[in-house]
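Asks: I am attaching a structure below and will ask some questions about it afterwards.
Residue numbers (the numbering used here), protein chains in the order written: chain L, 256 to 371; chain Z, 1179 to 2575.
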């Protein structure tokens, strides 16, 4: 459908969101990402039964940690989509971008830049 | 499929393959052809709710992925044009404002677009099918618009290499100019000899300037002379310049095109006097000198365009009175209507039905004309009514000038003595009608000199054809070969859509009449661009593709070309052993029901249309709006059984089986889309949710989602005045009339067999049932009446997706059994070179960046990206290609890899989903491990979705490539393990399903073991007598048992229990306790088929077990079989006993038909007996509906009861008293019954222990779970496990057999592999570091990790599915998922964020 979405989103492919590791999420922020979101299958439709449920838990863990350390828990999110929902994908991309824009840059990045 | 000859095992099938017009093997599915295609057609995939192009792909996921062009016969306008101009093509181009392209199309055939765009009599417009809607498209005016907007002289006319031969053309009229033009295109420069002082022939001297401005003609002649054609004016043929002289001078061929410039005399006295002059002579003088003498009172004789041209010119030249005298009426006048009107507007008078008789003279000068009145008689040979003089009606008029313009002929004086030329009796040259060759070698003739006076476009066509002949003549080739005119008696055109709105033809602006005096300024002023585009938009695209060849221009890989555009249907002959028919169905078209107003009211739509509206890829991208005003609906109604269960109006007595369920689904999804305040109401007769777990879905829709279910058949949909809303009037079950307003009404249309499918069946000699479905027998559900031909899906009878897929596998099973002897005989094995060892070599990355035509290159700066990529670490080679996936690039890639020692490959192109495997094959062909590969999706994830911001897209492409290179550098070779397959099947359960499955596996050559817990085979079927169709169950059962006993590949273990199970797909071991001695056996096998069956439910109410007159349907079946029904007077049946209630929520599917079967049996045995069936919904789905109808006709009485108000039963000596409330009569009814038969439904066999031994999943009712309820109804989630029969869900014997065959087919597919290749994407444990914490064991959704003998976790790659959950959960991080190792994933994160901090 070639629907347009913000170009600041880069996709990293995994076999299942169940493979997403807390370390992957946190490392992204450590390296300066402003936001990360995980897109998995609809709940109940995981090809591997429940990978997306586990992913959601890890995202919640990451949210807690990021909130605690002052980066902002909202910067990491989980969404469930089916492959036929292109318009919804775009909606998520736009909403996430707007949310992160509102939150401003990753404070780690700002701090590092100041330090430098 | 056109024809089938032969017999089972050796059919010869003739298939007609329609052309695709795009080379499928070269198409990269980039879609550029669609973008430029001008032809807009309704998109069938969206049920006509959106548009598509003539170059198209049916839908995004279509397979094959290549595009196709829809094309039928050439449009009628094109066929009507004497020169065969591609009218549809240039009209479409004008519609797009592509005037240059339009001219290119026109100038393929016609070098004078601006001229013909003014003066062509446009026979094409008479043929235009737009006439059936309103008026024809103004084709000629659109041609002119193209020439007005773009100077034809600027068109680059492609000419072949210049040849030496000289050709002479006599006459520079349209035919001579056309011949010269077409010869020049073929490399031959000609010289045109023109008698008159200026070139153009009749175009110049016959047509006055107000119709054809001289500069237009001059420019277009210039276009021809620009090609190198010479025109010698004032050079007529004469005694000094004969054709023979020309040949002697070295001209190799001569084309005679002198036209017909000589006026025909009236043949009345006085024609030679002063003041009488031929029309053509008058016009010639005017057109060459700019003036011609006119008198005060002029009479023009004739009704053709010359007469009108003379009259209109004379008015301009100052004649005071111009009178056109014509012998017939206006209707017969050959001049164009618009010309006649213009002449009248400008002041000429026309006298009809009058003919000149004598020119009145005085002193050798004309003073008047004697005319006679005419009347019309019978039609003459031209079809026009013959004028007959009215005796005595002569009259005189006073004139001082007479211009006869009744026709022209050729002046043959210069050639009449030429040797070898023949002339017709009409004074024209005789030629071959195809080649235009005269009887003399090297001399050709065409145009008016050959046809007599005719249209310019005809002369132009002749010139083109003569040019072709001359070239062939010079080359010594056969001039006629392949040029016979193609006649098409019955052309196929795009049907004119019924809803095409009328749109009047655009009017050409004209010079005001008052400005036309004394000047020859052009009268018709030409269209404005916008008017022209709109006018072109009226074209109906009769031929679909308009052959504008824009797709050819834009197609990067050359998949569509002028050659592919000429593809013809292909006849293919196939030699096959079996045939499977799966032609499907078509949705019922409700337009024929006037009361539903489907055709008239836009908000009455079919369920198919509603599906598309709900679809995220549909016309509204999943936004739920109604068609009329795109308003979000607040209330939607569904009407069920449209085109189903209806004998009176549509002759479809059957139930379509699927509509109830899809209507519920649509209503639920609609509520999900629009929010819960959307009101959904389904109007139905019986709610038929008889599939596995469907009843639960129905309950949820009703109770949780709030969908309203209204039991009523609605007969009329009325529009609500002054709104787009709709009003439904309906009666409730208790007779109350109601009216309700909705925003939208969805018609739940049924399914039917398409007429072409019926024809196919007839050609094949198949038996169809009365309803048009393929006939099969109860125990042979996919076998047609023709041996070796099998059927599956909705052509066998209405059914849903799971049932269709089961049958599809069953048909494959039947066909496979016929072919099992030759299994694997046509297999080819691809040779793969040995793999290069890269373990100790530094990563060297080669990058291939794809332009994908303009898909990527049009947005992303690919050269810049390539330059950037070459600077990345480890990169040794970078290349950019137009299409990396094309065959030649693939070959090139192999060379490059070797040359540069590349050991990791990155392709920056499209999606790995579609192309990863292709590129991996290339790596393998080069001896590189295929997992040393990574794709950067710079198309789907970049250029397509950021096309509005090329700079950002280029930046992102760099990010994507950098990430890919980072990961590629860390990739290691991976080798897939292969495991052998034990070729034995284990079938658990020996009922009809188990036995059928076992026989079908064994018949295909594989050993099979049946494990049955009872002492005998047969299962529940042992209790059944006949199917509802009348087939004898016991007979079939006996046959199955006998075949099993004799079968050398089948082993039966009765009184046996499964006690242990281990292994993985292809290599299972099952431990079995075999009775009666209960000794243990171990069976090794490769697959498992579960066929454990189900039982009749034992009720605990309605006095069952307390009163012997209360029995189950199976008991009644047996009793009727054994004892008959003579003593029965009143039989009552209660449906849904033990089904559709709180304890067991589902429907048992089979009980309605069982009750009706027994009811019909009772009626057959004892017609006097009364049968009452108390039901909740009668669920005789599909063709079973026929039996329900028959039961009603036989007098079986049906009473409906509600779930919360079940019938009550009391025992008494006179009989059983059954009481219930009747909804129609609104009162309680009591029946005294001899027998009460309970339709008790089914319960799955107790398989709890078995399921836990095998580790397979069951649903809440104890039925085994399939891998996917719709798409994989026979496979189970566990690999190499299959399920069939009532172990899966309640079903009929015929359905069980179909599923058993399906399970056998799936099992054989697996067993026929000699080995299986396991996925490399599996998890592996670093056992040295494993802390045995058990987290992986607990987190794996498939119970794969085990703590081994060494006390550490071990993951069997044969069982691992590769989801990576364990790797993510492992707290010690000692589990890695191959190809997604943590450092590989992280490298992408790092590369992406490189330099951010």
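For each residue, glycine too, the CB sits at the ideal point set by N, CA and C.
Name the residues in the segment 2561-2574 of chain Z whose C-beta lies less than 7 angstroms from a C-beta of chain L; which are they?
Replies: 2563, 2564, 2566, 2567, 2568, 2570, 2571, 2574
Asks: So the candidates are 1933(Z), 1762(Z), 2512(Z); which of them puts its Cα closest to the Cα of residue 2526(Z)?
Replies: Mapped onto the second chain, residue 2526(Z) falls at position 1348. When each option's Cα is compared against that of residue 2526(Z), the closest is 2512(Z).
Asks: Can you check which of these residues, 2181(Z), 2238(Z), 2192(Z), is closest to residue 2228(Z) by C-alpha distance?
Replies: For the purposes of this step, residue 2228(Z) is identified with residue 1050 of the second chain, where counting begins at 1. Of the candidates 2181(Z), 2238(Z), 2192(Z), the one whose C-alpha sits nearest the C-alpha of residue 2228(Z) is 2181(Z).
Asks: Would residue 368(L) pass as an interface residue toward chain Z - the criterion being a Cβ-Cβ separation below 9 angstroms?
Replies: If you number the first chain from 1, residue 368(L) lands on position 113. Yes, residue 368(L) lies at the interface with chain Z (some Cβ there is under 9 angstroms from its Cβ).
Asks: If you draw a straight line from the alpha carbon of residue 333(L) to that of residue 1798(Z), how long is it in whole angstroms?
Replies: By 1-based counting over the first chain, the position of residue 333(L) is 78. By 1-based counting over the second chain, the position of residue 1798(Z) is 620. One C-alpha to the other measures close to 26 angstroms.
Asks: When the Cα of residue 2637(Z) is compared with those of 2152(Z), 1471(Z), 1683(Z), which residue comes out closest?
Replies: Examination of residue 2637(Z) is not possible in this model, given that chain Z is present from 1179 through 2575 alone.
Asks: Along the chain, which unbroken stretches of the alpha helix (DSSP H) at least 4 residues long are found entirely within the segment 1338-1423 of chain Z?
Replies: Within the segment 1338-1423 of chain Z, the alpha helix (DSSP H) runs of at least 4 residues that lie entirely inside it are, in chain order, 1352-1363, 1380-1383, 1392-1403.
Asks: Going by alpha carbons, who is nearest to residue 1923(Z) out of 2559(Z), 1844(Z), 1194(Z), 2446(Z)?
Replies: Residue mapping note: residue 1923(Z) aligns to position 745 of the second chain, counting from 1. Minimum Cα distance to residue 1923(Z) is reached at 1844(Z).
Asks: Determine the closest residue to residue 1346(Z) out of 1415(Z), 2442(Z), 2115(Z), with distance taken between C-alpha atoms.
Replies: Translated into positions along the second chain, residue 1346(Z) becomes position 168. Closest option to residue 1346(Z), Cα to Cα, is 1415(Z).
Asks: List the residues of chain Z whose Cβ lies closer than 7 angstroms to the Cβ of residue 256(L), in chain order.
Replies: The count along the first chain starts at 1 and reaches residue 256(L) at position 1. What residue 256(L) touches in chain Z: 1795.
Asks: For residue 340(L), go through chain Z and note every residue whose CB falls closer than 7 angstroms to its CB, in chain order.
Replies: Numbered from 1 along the first chain, position 85 holds the residue referred to as residue 340(L). Residues of chain Z passing the Cβ test: 1794.
Asks: Are the CB atoms of residue 2236(Z) and residue 2195(Z) within a distance shorter than 9 angstroms?
Replies: Within the second chain, the letter at position 1017 stands for residue 2195(Z). Within the second chain, the letter at position 1058 stands for residue 2236(Z). Contact: no.
Asks: What first and last residue would you give for the beta strand (DSSP E) that runs through residue 1813(Z)?
Replies: Residue 1813(Z) sits at position 635 when you count from the first residue of the second chain. Element bounds for residue 1813(Z): 1813-1820.
Asks: Check this for me: beta carbons of residue 2463(Z) and residue 2478(Z), under 9 angstroms apart or not?
Replies: One-based indexing of the second chain puts residue 2463(Z) at position 1285. One-based indexing of the second chain puts residue 2478(Z) at position 1300. Yes. Within cutoff.
Asks: Measure the CB-CB distance between residue 2353(Z) and residue 2314(Z) and report whether it falls below 9 angstroms.
Replies: Walking along the second chain from the start, residue 2353(Z) turns up at place 1175. Walking along the second chain from the start, residue 2314(Z) turns up at place 1136. Yes, these two residues count as a Cβ contact at 9 angstroms.
Asks: If I follow the unbroken beta strand (DSSP E) through residue 1532(Z), where does it start and stop?
Replies: The count along the second chain starts at 1 and reaches residue 1532(Z) at position 354. 1532-1540 is the extent of the beta strand (DSSP E) around residue 1532(Z).
Asks: Is there a Cβ of chain Z sitting closer than 9 angstroms to that of residue 278(L), yes or no?
Replies: Here residue 278(L) corresponds to residue number 23 of the first chain, with the count starting at 1. Chain Z, which has a Cβ nearer than 9 angstroms to the Cβ of residue 278(L), makes this yes.
Asks: By the three-class DSSP mapping on this structure, what secondary structure does residue 2003(Z) have?
Replies: Start at 1 with the first residue of the second chain, and residue 2003(Z) comes out as number 825. Correct three-state label for residue 2003(Z): coil.
Asks: On the three-state DSSP scale, how would you describe residue 1792(Z)?
Replies: Position 614 of the second chain, counting from 1, holds the residue named residue 1792(Z). Of the three classes helix, strand and coil, the one that applies to residue 1792(Z) here is helix, per DSSP.
Asks: Just by C-beta distance, which residues in the segment 298-309 of chain L are closer than 7 angstroms to chain Z?
Replies: Residues passing the 7 angstroms Cβ filter: 303, 304, 305, 306, 309.
Asks: Answer yes or no: do residue 1477(Z) and residue 1500(Z) have a C-beta to C-beta separation smaller than 9 angstroms?
Replies: In the second chain, the residue the question calls residue 1477(Z) occupies position 299. In the second chain, the residue the question calls residue 1500(Z) occupies position 322. Against a cut-off of 9 angstroms, the Cβ pair of residue 1500(Z) and residue 1477(Z) comes out as a contact.
Asks: Tell me which same chain residues have a C-beta within less than 7 angstroms of the C-beta of residue 1739(Z), skipping the five on either side of it?
Replies: If you number the second chain from 1, residue 1739(Z) lands on position 561. Within the same chain, residue 1739(Z) has close Cβ partners 1730.
Asks: Identify the continuous beta strand (DSSP E) that holds residue 1434(Z) and give its terminal residues.
Replies: Locating residue 1434(Z) in the second chain gives position 256, counting from the first residue. For residue 1434(Z), the enclosing beta strand (DSSP E) starts and ends at 1429-1434.
Asks: In the segment 1303-1328 of chain Z, which residues sit with their C-beta less than 7 angstroms from some C-beta in chain L, listed in chain order?
Replies: none
Asks: Starting from residue 1641(Z), follow the beta strand (DSSP E) in both directions and report where the run begins and ends.
Replies: Here the question's residue 1641(Z) lines up with position 463 in the second chain. For residue 1641(Z), there is no enclosing beta strand (DSSP E); the enclosing alpha helix (DSSP H) covers residues 1634-1652.
Asks: Do residue 1854(Z) and residue 1884(Z) have their C-beta atoms closer together than 9 angstroms?
Replies: Working through the second chain from its first residue, we reach residue 1854(Z) at position 676. Working through the second chain from its first residue, we reach residue 1884(Z) at position 706. It is a contact, given that the beta carbons lie within the stated cut-off.
Asks: Where DSSP assigns a beta bridge to residue 2495(Z), which residues make up the other side?
Replies: The sequence position of residue 2495(Z) within the second chain is 1317, counting from 1. DSSP, once it has assigned bridges, lists 2156(Z) as partnering residue 2495(Z).
Asks: In the DSSP assignment, what are the bridge partners of residue 1875(Z)?
Replies: Start at 1 with the first residue of the second chain, and residue 1875(Z) comes out as number 697. DSSP output for residue 1875(Z) lists no bridge partner at all.
Asks: Determine the DSSP secondary structure at residue 1722(Z), reduced to helix, strand or coil.
Replies: One-based indexing of the second chain puts residue 1722(Z) at position 544. It is a strand residue.
Asks: Residue 1734(Z): which of 1466(Z), 2167(Z), 1208(Z), 2522(Z) sits nearest, CA to CA?
Replies: Counted from its first residue, the second chain places residue 1734(Z) at position 556. It is 1208(Z).
Asks: Unbroken beta strand (DSSP E) runs of length 3 or more, entirely within the segment 1698-1775 of chain Z: which are they?
Replies: 1748-1754, 1757-1759
Asks: Determine which residues share a DSSP beta bridge with residue 2234(Z) and list them.
Replies: Within the second chain, the letter at position 1056 stands for residue 2234(Z). For residue 2234(Z), which the question treats as bridged, DSSP gives the partners 2252(Z).
Asks: Taking 9 angstroms as the CB-CB cut-off, is residue 269(L) touching chain Z?
Replies: Mapped onto the first chain, residue 269(L) falls at position 14. Chain Z contact via Cβ: present.
Asks: Going by beta carbon distance, what residues of the same chain come within less than 8 angstroms of residue 1691(Z), once the five residues before and after it are set aside?
Replies: Working through the second chain from its first residue, we reach residue 1691(Z) at position 513. Around residue 1691(Z): 1523, 1524.
Asks: Name the chain Z residues whose beta carbon is nearer than 8 angstroms to that of residue 259(L)?
Replies: On the first chain, position 4 is the one that residue 259(L) refers to. Result: 2123, 2124, 2125, 2126.
Asks: Could you tell me whether any Cβ in chain Z is nearer than 9 angstroms to the Cβ of residue 313(L)?
Replies: Within the first chain, the letter at position 58 stands for residue 313(L). Yes, residue 313(L) counts as interfacial toward chain Z.
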